[in-house]
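Q: Take this structure, written in structure tokens, and hold onto it; I'll ask about it next.
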Amino acid sequence: MNQVTPPLSRSGSSAGSGFARVLNRWGLPAPLFLGYAGLLLFMIGDGVESGFIAPFMADNGAGTEIKASYVITVYGVAVMLASWLSGALSDLWGPRRVMMIGLAIWLVFDVLFLAVAVSGENYALMLVFYGLRGFGYPMFAFGFLVWITAVAPVARLGAAVGWFYFAFTGGLPTLGALVASFTNPVLGHYGTLWVSVGLLALGGLLAIFGVRQRTGYTRLAPPDVKPVQSLVSSVSIAWKKPRVGVGMLVRVINTAPEFGMLVFFPTIFIEGIGFGESRWLLLVSVIYGTNIFFNLIFGVLSDRIGWRTTIFWFGAIGCAISILLLYFVPIAMGAEYYWLALLVGALYGATLAGFVPISALLPSLAPENKGGAMALLNLGAGAAAFVGPAIVSVFLGPLGAAGVVIVFAALYLVAAVLVRYLKLPEETAKAIEEDKSLQQVGEKVVTT
Numbered sequence: 021m022n023q024v025t026p027p028l029s030r031s032g033s034s035a036g037s038g039f040a041r042v043l044n045r046w047g048l049p050a051p052l053f054l055g056y057a058g059l060l061l062f063m064i065g066d067g068v069e070s071g072f073i074a075p076f077m078a079d080n081g082a083g084t085e086i087k088a089s090y091v092i093t094v095y096g097v098a099v100m101l102a103s104w105l106s107g108a109l110s111d112l113w114g115p116r117r118v119m120m121i122g123l124a125i126w127l128v129f130d131v132l133f134l135a136v137a138v139s140g141e142n143y144a145l146m147l148v149f150y151g152l153r154g155f156g157y158p159m160f161a162f163g164f165l166v167w168i169t170a171v172a173p174v175a176r177l178g179a180a181v182g183w184f185y186f187a188f189t190g191g192l193p194t195l196g197a198l199v200a201s202f203t204n205p206v207l208g209h210y211g212t213l214w215v216s217v218g219l220l221a222l223g224g225l226l227a228i229f230g231v232r233q234r235t236g237y238t239r240l241a242p243p244d245v246k247p248v249q250s251l252v253s254s255v256s257i258a259w260k261k262p263r264v265g266v267g268m269l270v271r272v273i274n275t276a277p278e279f280g281m282l283v284f285f286p287t288i289f290i291e292g293i294g295f296g297e298s299r300w301l302l303l304v305s306v307i308y309g310t311n312i313f314f315n316l317i318f319g320v321l322s323d324r325i326g327w328r329t330t331i332f333w334f335g336a337i338g339c340a341i342s343i344l345l346l347y348f349v350p351i352a353m354g355a356e357y358y359w360l361a362l363l364v365g366a367l368y369g370a371t372l373a374g375f376v377p378i379s380a381l382l383p384s385l386a387p388e389n390k391g392g393a394m395a396l397l398n399l400g401a402g403a404a405a406f407v408g409p410a411i412v413s414v415f416l417g418p419l420g421a422a423g424v425v426i427v428f429a430a431l432y433l434v435a436a437v438l439v440r441y442l443k444l445p446e447e448t449a450k451a452i453e454e455d456k457s458l459q460q461v462g463e464k465v466v467t468t
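Take 21 as the starting number for the sequence shown in my numbering and just add one per residue.
In structure tokens:
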């Protein structure tokens with residue numbers, strides 16, 4: 021039989037053998053495996069607080085949950101800026117260096133938040149330290165996402181991004197909330213927050229020092245691109261390539277309701293409906309536990325049926341329906357029907373994963389400036405952490421909780437309209453098809 025050499029992946033290695041070959045066939049770039057593992061641990065540390073941070077701050081210096089939401093909103097602004105910078109700076113300095121900076125920022129300001137602001141019940145310092153901490157996780161996590169898009173084969177990019185969100189949401193808030201459900205009764209909220217520091221540090225060091233793939237060690241932009249030019253390009257692409265700008269808005273809508281609901285859902289579900297904290301944290305774990313597996317499912321499926329189709333039907337339309345069910349079904353049925361809350365929670369987690377292909381679609385809309393497109397994508401992801409709590413701050417008073425949830429559902433319908441404009445350029449679509457053909461040839465050779 022004539023043998024055909026398997027095509028090289030962007031990691032620089034062929035289809036390989038053993039564990040690496042299995043990972044590559046699953047769509048996970050084998051050279052980045054420890055990065056994915058480190059990201060999971062990092063996000064577990066970041067996600068530990070997700071189910072209780074707003075009421076915790078209210079009881080330890082903020083005074084009310086409205087004032088706590090202001091702290092989280094400031095944090096969201098920092099996340100938004102850092103998410104944009106993570107793409108632009110990864111182009112200039114390399115993703116690994118950006119990840120190191122993000123880890124250092126998170127650790128320093130989280131320790132100050134816990135040791136100084138919280139212990140002294142100082143609201144002003146909460147705003148400063150918790151807000152500045154927001155620069156940390158986006159630079160680490162989205163710096164790694166840039167690394168992935170630079171390495172993964174285009175025909176498997178949806179799957180590679182799906183694995184990123186498997187690790188990302190596996191930690192924030194899925195396993196993070198699960199860890200909290202075990203540590204809170206033993207260590208209390210404050211002790212649990214210190215546990216999160218250790219988990220996050222461990223994951224960050226594993227990713228930074230465990231991944232030896234060299235693409236992320238060096239700048240991705242051409243040598244003649246200057247810092248100011250790179251930063252301006254990462255913004256100007258929004259009007260030079262309007263579809264990329266539209267895609268950024270879709271990315272904002274993707275997770276804005278997720279960040280928003282974590283501000284006011286805990287009080288409603290714990291006290292209003294009567295689930296209690298342990299069952300609320302379990303519900304959060306179910307929502308995002310379902311989400312992490314569907315991140316993989318929709319990542320792989322989108323490479324087959326199309327990124328845009330997946331986002332429209334499973335993401336935008338699916339979330340518009342499921343977020344309404346997530347709120348109104350438990351409110352209507354009460355604490356006695358907790359299993360129904362788990363069911364609709366799982367549905368929301370699954371449909372939330374329908375947006376995963378946006379991270380593959382957006383850089384493919386501007387193949388000549390992927391770094392700028394990723395910067396704008398990350399800006400959208402970071403903006404969601406600001407927009408969600410901001411919507412709660414603005415509308416919770418006049419509209420009530422139900423009104424805020426309806427606003428979130430309407431935003432998902434807006435995303436459904438916007439995604440219809442995200443059509444790939446013909447040359448990019450052709451390149452993807454050619455890459456798929458090469459990948460299929462390589463797989464046939466490996467199996468024979």
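Backbone N, C-alpha and C fix where the C-beta goes; we use that ideal spot for every residue, glycine too.
Being a predicted model, the structure only gives us computed values, none of them experimental.
Measuring alpha carbon to alpha carbon, tell me which residue in Val118, Tyr143, Ala50 is nearest lysine 87.
A: Of the candidates Val118, Tyr143, Ala50, the one whose C-alpha sits nearest the C-alpha of lysine 87 is Tyr143.
Q: To the nearest angstrom, how far is it from the Cα of serine 103 to the Cα of glycine 67?
A: Between serine 103 and glycine 67, the C-alpha separation is close to 17 Å.
Q: Quick one: Cα of alanine 40 to Cα of aspartate 79, how far?
A: Between alanine 40 and aspartate 79, the C-alpha separation is close to 49 Å.
Q: Distance, Cα to Cα, leucine 95 vs glycine 265?
A: According to the sequence provided, residue 95 is tyrosine. The question's leucine does not apply to it. Spanning the two alpha carbons is a distance of roughly 23 Å.
Q: Report yes or no: do the region 366-377 and the region 328-340 share at least 3 C-beta pairs separated by less than 8 Å?
A: Yes: the two stretches touch, three or more of their Cβ pairs being nearer than 8 Å.
Q: Using three-state DSSP, classify asparagine 80 as helix, strand or coil.
A: Helix.
Q: Tell me whether glutamine 233 is buried or exposed, calling it buried when 16 or more other Cβ atoms sit within 10 Å of its Cβ.
A: Looking at its Cβ environment, which holds 16 or more other Cβ atoms inside 10 Å, glutamine 233 is buried.
Q: Counting only C-beta atoms, is glycine 408 closer than 8 Å to chain D at any point?
A: In the displayed structure, chain D is absent; only one protein chain is listed.
Q: Between serine 322 and glycine 178, is the Cβ-Cβ spacing less than 8 Å?
A: In contact: serine 322 and glycine 178 (Cβ atoms closer than 8 Å).
Q: At 3 residues or longer, what runs of the beta strand (DSSP E) sit wholly inside the region 365-424?
A: List check, beta strand (DSSP E) in window: nothing returned.
Q: Which word fits aspartate 244, buried or exposed, when buried means at least 16 other C-beta atoms lie within 10 angstroms of its C-beta?
A: So aspartate 244 ends up on the exposed side.
Q: Nearest-angstrom Cα distance between leucine 15 and tryptophan 183?
A: Because the chain is modelled from 21 through 468, residue 15 falls outside the range shown and cannot be assessed.
Q: In whole angstroms, give me the CA-to-CA distance for glycine 38 and tyrosine 357.
A: Distance between the alpha carbons of glycine 38 and tyrosine 357 is about 47 Å.
Q: On the three-state DSSP scale, how would you describe isoleucine 293?
A: It is coil, neither helix nor strand.
Q: To the nearest angstrom, how far is it from the Cα of alanine 404 to the Cα of alanine 352?
A: Rounded to whole angstroms, alanine 404 to alanine 352 spans 29 Å at the Cα level.
Q: Do isoleucine 343 and proline 387 have their CB atoms nearer than 8 Å?
A: Not a contact, by the Cβ cut-off of 8 Å.
Q: Mapping the DSSP letters down to three states, classify leucine 147 as helix, strand or coil.
A: Residue state, collapsed to three classes: helix.
Q: Is it true that the CB of valine 231 sits closer than 8 Å to the CB of glycine 55?
A: Yes.
Q: I'd like the span of the alpha helix (DSSP H) that includes threonine 194, first residue to last.
A: Counting along the chain, threonine 194 falls outside any alpha helix (DSSP H), and DSSP gives it neither H nor E.
Q: I think glycine 163 touches methionine 119, with their Cβ atoms under 8 Å apart; what is that distance to the nearest whole Å?
A: Glycine 163 to methionine 119, Cβ: 4 Å. Contact.
Q: State yes or no: is the C-beta of leucine 433 within less than 8 Å of the C-beta of alanine 370?
A: Result no, Cβ atoms of leucine 433 and alanine 370 do not sit closer than 8 Å.
Q: Just the C-alpha distance for leucine 438 and alanine 241, rounded to the nearest angstrom, thanks.
A: Near 30 Å, if we compare the C-alpha coordinates of alanine 241 and leucine 438.
Q: Tell me the rounded alpha-carbon separation between valine 174 and glycine 114.
A: For valine 174 and glycine 114, the distance between alpha carbons rounds to 20 Å.
Q: If glycine 83 and leucine 123 are in contact, beta carbons under 8 Å, what's the gap, nearest whole angstrom?
A: Their Cβ separation, rounded to whole angstroms, is 32 Å, which puts glycine 83 and leucine 123 out of contact at 8 Å.
Q: Hey, threonine 93 and proline 409 are a contact pair by Cβ (cut 8 Å); roughly how many whole angstroms apart?
A: Correct: roughly 5 Å between the Cβ atoms.
Q: How close, in whole Å, do the beta carbons of glycine 196 and serine 70 come, if the pair is a contact with beta carbons under 8 Å?
A: Going by Cβ atoms, the distance from glycine 196 to serine 70 rounds to 6 Å, so yes, they are a contact pair.
Q: When you compare the region 389-403 with the region 270-290, are there three or more beta-carbon pairs, one atom per stretch, that lie closer than 8 Å?
A: Verdict: yes, contact present.
Q: The alpha helix (DSSP H) spanning asparagine 44 covers which residue range?
A: Looking at the DSSP string, the run of the alpha helix (DSSP H) that includes asparagine 44 is 38-45.
Q: For glutamine 233, which of helix, strand or coil comes out of DSSP?
A: The answer is coil: DSSP assigns glutamine 233 none of H, G, I, E or B.
Q: Report the residue from Ile317, Ala227, Pro383, Thr310 whose alpha carbon sits nearest the alpha carbon of arginine 116.
A: Closest option to arginine 116, Cα to Cα, is Ala227.
Q: Give the secondary structure of leucine 240 by DSSP, where H, G and I count as helix, E and B as strand, and everything else as coil.
A: Residue state, collapsed to three classes: coil.
Q: Measuring CB to CB, does glycine 392 end up less than 8 Å from serine 254?
A: Cβ distance < 8 Å, so glycine 392 and serine 254 count as in contact.
Q: Tell whether a beta-carbon distance below 8 Å holds between phenylalanine 62 and glycine 236.
A: No, they are not a contact pair.
Q: Beta carbon of valine 97, beta carbon of phenylalanine 428: below 8 Å?
A: No, they are not a contact pair.
Q: In chain order, what residues of the same chain have a beta carbon less than 6 Å from the beta carbon of isoleucine 168, not counting five sequence neighbours either side?
A: Only Ala180, Phe184 meet the Cβ criterion.
Q: Just list the alpha helix (DSSP H) runs in the region 56-127, keeping only unbroken ones of 4 residues or longer that don't cross its boundaries, in chain order.
A: Counting only runs of 4 or more, we get 73-77, 85-113.
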